[in-house]
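Protein chains in written order, with our numbering: chain A, 1 to 261; chain B, 262 to 522; chain C, 523 to 793.
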Amino acid sequence: MPDTRNNDAEILLDDVGMVYTASDGRNVQALTSVSMNIQKGEFISLLGPSGCGKTTLLRIIADLIKPTSGRVLIGGETPGQARLKRKYGMVFQSAVLYDWRTVIKNIELPLEIIGVTKEERCKRAAKMLDLVGLSEFERHYPRQLSGGMQQRVGIARALTLQPEILLMDEPFSALDEFTREKLHIDLLKIWRKTNKTIIFVTHNISESVFLSDRVCVLSPHPGRLSAVIDIDLPRPRTMELKDTAEFTALVSKVRNSFEGV
Amino acid sequence: MLLWIILLIVLWEIFASVVTQTKRTPENVMPHLSGVIDSIFSDKRINGSQTAFEMIIENAGATLSRAGIGYLIGIALGFVLALLMSLSGVIEKIAFPYLMLIQLIPILGMAPIINAITGDIAVSRIVIAAILTFYPVATNTIAGFKAVEPAKHELMYSYAASKFQIYTKTMIPFCIPYLFTGLKISAPMAITASILVDTLQGGIGLGCLLSQSLKGAMTRYVFWDIVFFSAFIGILSFYLMSVIENLLCRYKRAGGSGKKG
Amino acid sequence: MRGLKKGSLSQQRDKIESIVYPVLFGVLIMILWQTGVLHKMLNTDDYILPYPDKIVGIISDNSDMIMVNVWASVEVALCGLFLGSLIGYIIAIAATSFPTYGTGGLTIVSAFNAVPIVALAPVIINWTKDVSSVAEERSMVAKILVVTVTSMASMSVNAYRGLTELPPFSDDLMKTYAAGRLTEFVKLRLPNSVPYIFTALRVSVPGSVIGALVSEYFAEYIVGVGRQIRENILIAQYATAWAYIIVACMIGIMLYAMLMIAEAVFLRKRR
Numbered sequence: 001m002p003d004t005r006n007n008d009a010e011i012l013l014d015d016v017g018m019v020y021t022a023s024d025g026r027n028v029q030a031l032t033s034v035s036m037n038i039q040k041g042e043f044i045s046l047l048g049p050s051g052c053g054k055t056t057l058l059r060i061i062a063d064l065i066k067p068t069s070g071r072v073l074i075g076g077e078t079p080g081q082a083r084l085k086r087k088y089g090m091v092f093q094s095a096v097l098y099d100w101r102t103v104i105k106n107i108e109l110p111l112e113i114i115g116v117t118k119e120e121r122c123k124r125a126a127k128m129l130d131l132v133g134l135s136e137f138e139r140h141y142p143r144q145l146s147g148g149m150q151q152r153v154g155i156a157r158a159l160t161l162q163p164e165i166l167l168m169d170e171p172f173s174a175l176d177e178f179t180r181e182k183l184h185i186d187l188l189k190i191w192r193k194t195n196k197t198i199i200f201v202t203h204n205i206s207e208s209v210f211l212s213d214r215v216c217v218l219s220p221h222p223g224r225l226s227a228v229i230d231i232d233l234p235r236p237r238t239m240e241l242k243d244t245a246e247f248t249a250l251v252s253k254v255r256n257s258f259e260g261v
Numbered sequence: 262m263l264l265w266i267i268l269l270i271v272l273w274e275i276f277a278s279v280v281t282q283t284k285r286t287p288e289n290v291m292p293h294l295s296g297v298i299d300s301i302f303s304d305k306r307i308n309g310s311q312t313a314f315e316m317i318i319e320n321a322g323a324t325l326s327r328a329g330i331g332y333l334i335g336i337a338l339g340f341v342l343a344l345l346m347s348l349s350g351v352i353e354k355i356a357f358p359y360l361m362l363i364q365l366i367p368i369l370g371m372a373p374i375i376n377a378i379t380g381d382i383a384v385s386r387i388v389i390a391a392i393l394t395f396y397p398v399a400t401n402t403i404a405g406f407k408a409v410e411p412a413k414h415e416l417m418y419s420y421a422a423s424k425f426q427i428y429t430k431t432m433i434p435f436c437i438p439y440l441f442t443g444l445k446i447s448a449p450m451a452i453t454a455s456i457l458v459d460t461l462q463g464g465i466g467l468g469c470l471l472s473q474s475l476k477g478a479m480t481r482y483v484f485w486d487i488v489f490f491s492a493f494i495g496i497l498s499f500y501l502m503s504v505i506e507n508l509l510c511r512y513k514r515a516g517g518s519g520k521k522g
Numbered sequence: 523m524r525g526l527k528k529g530s531l532s533q534q535r536d537k538i539e540s541i542v543y544p545v546l547f548g549v550l551i552m553i554l555w556q557t558g559v560l561h562k563m564l565n566t567d568d569y570i571l572p573y574p575d576k577i578v579g580i581i582s583d584n585s586d587m588i589m590v591n592v593w594a595s596v597e598v599a600l601c602g603l604f605l606g607s608l609i610g611y612i613i614a615i616a617a618t619s620f621p622t623y624g625t626g627g628l629t630i631v632s633a634f635n636a637v638p639i640v641a642l643a644p645v646i647i648n649w650t651k652d653v654s655s656v657a658e659e660r661s662m663v664a665k666i667l668v669v670t671v672t673s674m675a676s677m678s679v680n681a682y683r684g685l686t687e688l689p690p691f692s693d694d695l696m697k698t699y700a701a702g703r704l705t706e707f708v709k710l711r712l713p714n715s716v717p718y719i720f721t722a723l724r725v726s727v728p729g730s731v732i733g734a735l736v737s738e739y740f741a742e743y744i745v746g747v748g749r750q751i752r753e754n755i756l757i758a759q760y761a762t763a764w765a766y767i768i769v770a771c772m773i774g775i776m777l778y779a780m781l782m783i784a785e786a787v788f789l790r791k792r793r
């Protein structure tokens, strides 16, 4: 069972639950009693089938929704306070780029919002664009880019404000396998360079094992945390890792930890 | 398309030839196009002092400037109402059914009474053009505000953006194409309205000229000149809006769907 | 599971509010009107803008006379709407079958939409002078034709989209069954276009009422709600004119309500 003893964790979830009222008036238990803590700089996956509450959990951490029970602490603060301090960078299922802005202007958007000068904006956005390897496309419009490139712009934008926590909601699920594998390697490189805490929602077992330090397995009906599995594979991880017996064994272990699917 | 234009012209000329042979006053029914073009550019003074061309330009100025003022007022009102409706739930609930209702009311049919209330033909032209512009702009802008994907709102929320920033950075730029849908619908309508109001009363204006010519106060060719002129202006106003839209939304024209990333 | 769903209680409150608020607003306007405050706001008097009770009185006193004009206008609007929609749909079918020339034709038809109806009405009235020796009949034909032309564009453009914007791979599916063009049309394109027909009608039904009223202004034979508004203002019978305006609004709303009912019936299986 996950422990809640360590109170200086970066993210602390204590008995978090979420109940929705459906349109027919019945209560739906989306999430029951999730407790865990996440250390600074950790790469955590929330893994599970649809309806297991993994996205709900991510949204609770992001302060997009309030849990109906339990508490969440981000570095000792509420999610609301953490959001106001711009501690979060969000990456969504689609890139959610602004069609009318060029790539560089998209990355500048969060800087505009916190009121950074134009000169500084350009400099910082260019640096982020370099980090995701798209410097030559800064004057392009989003629709001129492929899906994978768009999602890299989305990641660059999420990192612009140098948030402490990167929240990723199935960011690669719409991409083809080849692009996805390449982005896995890129994401791990970016993670190593920037040392962010990453919470990564996915329904892809192999993806979660390859990327994470720990995989949190969630099961549906009602949504609950059914296992937390340490992935003690060496880093830096390369594509060859996927062919090793250790990797395959961990994938099976994760798969077998699901309940009632 | 060119083919169709040629076909239409040929059909017109065939019918015009038939009419010329069977009618005593062919220009009352269907004159040859050459005759219409001749009448526009002929030096003959129609009302003693002006040629047809000068007369049409002068009257068109009166009609179109009023249509233009009404159009601009209608755009401003429609946009502000859409903004208020999106900002306030109460205003949206009050205004929404009336916005639907006003589309079903034949405003053009009310032209005479609006003329009677305002007592001034110039003012009533502006008022009716404004009403006819106002609701397509308001409904389309509202539709644009509602079409903003939830993820964009969540992104803004995660940056703790202010309400003002949410509107200036996301909502308003997003709804521009929707706004232009409204502008394209209402531009010919504003012109139609202005001409129709002209016909209700004497004075200056394309509509007055049209009814005078119909009543036989001047040559019938003036009538045909105005018919073709107003058709041309109506279509032109539609395309003018498309051109402005394309200039404003450069990202839409940026072609090419992508390099693989 | 995405997004904070509103509880059923607050949803219910929302529904009630969205009915109560506009009704209260409407009542407020009627009170301002009946008490004369509205007149001060519009800087007019109760001669040009009579009180609601007077207008209602006129409508009930002259109901026979009003109904004659209502039928004249409704007949024009509906006949024109039917003809225009039919022709518009046929144009859309033609454009689908012969895309090389068809799409250009569609552009022309939609350009007609931007032609001011005030320019169109007198022209068509001119052209139909020889249709009949009875003024009533030839005016009727002219008015119907005006509405026909105005309702053609929205139907042809929307129906074309309905006939061509098919669900992904559905035309490929038809090909794997070796379906002929006619089968493909009847089984796939035609049903696919039904919702688009209603989209077109939502625009052209109110448009047909406006077309009918405006064409009456220019017609020879004096009949119809639109013409009555104008004639009564010319003889300064403002209260009667207002009665006809109210009736005209009712026609627009009734026809649209009928369209909504038809849509609910025809599209019930698709929702």
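Ideal placement from N, C-alpha and C gives every residue a C-beta, glycine not left out. These numbers come from a predicted model, not from an experiment.
State whether the region 334 to 349 of chain B contacts the region 727 to 747 of chain C, with contact taken as three or more CB pairs (one from each stretch) at a distance under 8 Å. no
Below 8 Å on the Cβ atoms is my contact criterion, and I expect methionine 417 of chain B with threonine 431 of chain B to pass it. Report the Cβ-Cβ distance as a whole number of Å. The residue you call residue 417 of chain B lines up with position 156 of the second sequence. The residue you call residue 431 of chain B lines up with position 170 of the second sequence. About 6 Å; that satisfies the 8 Å criterion.
Extent of the continuous beta strand (DSSP E) to which cysteine 216 of chain A belongs: Within the first sequence, residue 216 of chain A is the residue found at index 216, counting from 1. Element bounds for cysteine 216 of chain A: 214 to 219.
Starting from the C-beta of glycine 606 of chain C, find all residues in its chain whose C-beta is less than 8 Å away, skip the five residues before and the five after it, and write them out in chain order. As a position in the third sequence, residue 606 of chain C is number 84, starting the count at 1. Contacts found: Val669, Thr670, Val671, Thr672, Ser673, Met674, Met677, Ser726, Ser730.
Expressed to the nearest angstrom, what Euclidean distance is found between the alpha-carbon atoms of valine 19 of chain A and lysine 196 of chain A? As a working note, residue 19 of chain A is residue 19 in the first sequence. As a working note, residue 196 of chain A is residue 196 in the first sequence. Cα-Cα distance, rounded: 31 Å.
Starting from the beta carbon of leucine 416 of chain B, find every residue of chain A whose beta carbon is closer than 8 Å, and list them in chain order. Mapped onto the second sequence, residue 416 of chain B falls at position 155. Chain A residues near leucine 416 of chain B: Met90, Phe92, Val96.
Where does glycine 495 of chain B fall in DSSP's three states? Residue mapping note: residue 495 of chain B aligns to position 234 of the second sequence, counting from 1. Glycine 495 of chain B falls in the helix class under three-state DSSP.
Do you know offhand how far serine 723 of chain C's Cα is from leucine 183 of chain A's? Against the third sequence, residue 723 of chain C aligns to sequence position 201. Against the first sequence, residue 183 of chain A aligns to sequence position 183. A small correction: the amino acid at residue 723 of chain C is leucine; serine does not occupy that position in the sequence shown. Leucine 723 of chain C and leucine 183 of chain A: Cα-Cα distance of roughly 49 Å.
Please return the same chain residues whose Cβ sits closer than 7 Å to the Cβ of arginine 143 of chain A, not counting the five positions on each side in sequence. Start at 1 with the first residue of the first sequence, and residue 143 of chain A comes out as number 143. The answer, listed in chain order, is Asp99.
Does the beta carbon of cysteine 436 of chain B sit closer than 8 Å to a beta carbon anywhere in chain A? The sequence position of residue 436 of chain B within the second sequence is 175, counting from 1. By this cut-off, cysteine 436 of chain B is not an interface position.
With distances taken from CA atoms, which of C/Gly684, C/Thr650, C/Val640 is nearest alanine 454 of chain B? In the second sequence, the residue the question calls residue 454 of chain B occupies position 193. Nearest option by C-alpha distance: C/Val640.
State the start and end residues of the unbroken beta strand (DSSP E) segment that holds isoleucine 342 of chain A. The structure shown has nothing for residue 342 of chain A, since chain A only spans 1 to 261.
Apart from the five residues just before and just after leucine 777 of chain C, which ones in its own chain have a Cβ nearer than 6 Å to its Cβ? Locating residue 777 of chain C in the third sequence gives position 255, counting from the first residue. Same-chain partners within the cutoff: Val727.
Can you find a C-beta in chain B that's less than 8 Å from the C-beta of asparagine 714 of chain C? Along the third sequence, one-based indexing puts residue 714 of chain C at 192. No, no contact with chain B.
Could one say the Cβ of proline 397 of chain B lies closer than 8 Å to chain C's Cβ atoms, at least one of them? As a working mapping, residue 397 of chain B is identified with position 136 in the second sequence. False, the Cβ-Cβ gap to chain C never drops below 8 Å.
By how many angstroms is the C-alpha of tryptophan 764 of chain C removed from the C-alpha of asparagine 376 of chain B? One-based indexing of the second sequence puts residue 376 of chain B at position 115. One-based indexing of the third sequence puts residue 764 of chain C at position 242. Approximately 13 Å between the Cα atoms of the pair.
Could you pull the DSSP bridge partners for glutamine 29 of chain A from this structure? Within the first sequence, numbered from 1, the residue matching residue 29 of chain A stands at position 29. In the DSSP output, where bridge partners are listed per residue, glutamine 29 of chain A has A/Val19.
State yes or no: is the beta carbon of tyrosine 359 of chain B nearer than 8 Å to at least one beta carbon in chain C? Walking along the second sequence from the start, residue 359 of chain B turns up at place 98. Yes, tyrosine 359 of chain B lies at the interface with chain C (some Cβ there is under 8 Å from its Cβ).
Counting beta carbon pairs with one atom in the region 386 to 397 of chain B and one in the region 33 to 45 of chain A, are three or more of them shorter than 8 Å? no
Cβ-based contacts, 8 Å cut-off: residues of the region 103 to 123 of chain A near chain B: Leu109, Pro110, Glu112, Ile113, Ile114
Under a three-way DSSP split, which group does aspartate 24 of chain A fall into? Walking along the first sequence from the start, residue 24 of chain A turns up at place 24. Three-state DSSP puts aspartate 24 of chain A in coil, outside helix and strand.
Determine, using beta carbons only, whether glycine 53 of chain A and glycine 223 of chain A come nearer to each other than 8 Å. Sequence index remark: in the first sequence, residue 53 of chain A carries index 53 (1-based). Sequence index remark: in the first sequence, residue 223 of chain A carries index 223 (1-based). It is a contact, given that the beta carbons lie within the stated cut-off.
Return the residue from the list B/Met262, B/Ile270, B/Ile301 that minimises the CA-CA distance to isoleucine 487 of chain B. Here residue 487 of chain B is taken as the residue at index 226 of the second sequence, counted from 1. Measuring from the Cα of isoleucine 487 of chain B, the nearest candidate turns out to be B/Ile301.
Check the Cβ-Cβ distances between proline 680 of chain C and every residue of chain B, and say whether any is below 8 Å. On the third sequence, position 158 is the one that residue 680 of chain C refers to. With the sequence shown as reference, residue 680 of chain C is identified as asparagine, and proline is not the correct amino acid for it. Answer no: the Cβ-Cβ gap between asparagine 680 of chain C and chain B never drops below 8 Å.
In three-state terms, what does DSSP make of tyrosine 141 of chain A? The residue you call residue 141 of chain A lines up with position 141 of the first sequence. Here tyrosine 141 of chain A sits in coil by DSSP.
Quick one: complete alpha helix (DSSP H) runs, 4+ long, within the region 651 to 731 of chain C? 657 to 686, 692 to 698, 703 to 706
CB contact below 8 Å: tyrosine 141 of chain A versus chain B: If you number the first sequence from 1, residue 141 of chain A lands on position 141. Yes - at least one Cβ of chain B is within 8 Å of the one on tyrosine 141 of chain A.
Sequence-distant residues of the same chain with beta carbon closer than 6 Å to glycine 466 of chain B, five excluded per side: What you label residue 466 of chain B is simply residue 205 of the second sequence in a count that begins at 1. Asn320, Ala323, Thr324, Asp459.
Work out the CA separation of alanine 701 of chain C and tryptophan 649 of chain C for me, nearest whole Å. Here the question's residue 649 of chain C lines up with position 127 in the third sequence. Here the question's residue 701 of chain C lines up with position 179 in the third sequence. Spanning the two alpha carbons is a distance of roughly 45 Å.
Run through the region 43 to 74 of chain A for me and flag every whole alpha helix (DSSP H) of 4 or more residues, listed as ranges in chain order. 54 to 61
Report the three-state DSSP secondary structure of threonine 160 of chain A (helix, strand or coil). Stepping through the first sequence from its first residue, residue 160 of chain A is reached at position 160. Three-state result, threonine 160 of chain A: coil.
In whole angstroms, what separates the C-alpha of phenylalanine 92 of chain A from that of lysine 562 of chain C? Position 92 of the first sequence, counted from the first residue, corresponds to residue 92 of chain A. Position 40 of the third sequence, counted from the first residue, corresponds to residue 562 of chain C. Roughly 55 Å separates the two Cα atoms.
To the nearest angstrom, how far is the alpha carbon of isoleucine 266 of chain B from that of alanine 636 of chain C? Looking up residue 266 of chain B in the second sequence gives position 5. Looking up residue 636 of chain C in the third sequence gives position 114. Answer to the nearest angstrom: the Cα atoms are 16 Å apart.
How would you label leucine 47 of chain A, buried or exposed, when you count the other beta carbons within 10 angstroms and need 16 or more for buried? The residue you call residue 47 of chain A lines up with position 47 of the first sequence. Buried, because 16 or more other Cβ atoms sit within 10 Å of the Cβ of leucine 47 of chain A.
Against glutamine 426 of chain B, what residues of chain A qualify as contacts under a CB-to-CB distance less than 7 Å, listed in chain order? As a position in the second sequence, residue 426 of chain B is number 165, starting the count at 1. What glutamine 426 of chain B touches in chain A: Ile113.
Check whether the Cβ atoms of proline 638 of chain C and glycine 495 of chain B sit closer than 8 Å, and answer yes or no. Residue 638 of chain C sits at position 116 when you count from the first residue of the third sequence. Residue 495 of chain B sits at position 234 when you count from the first residue of the second sequence. Yes. Within cutoff.
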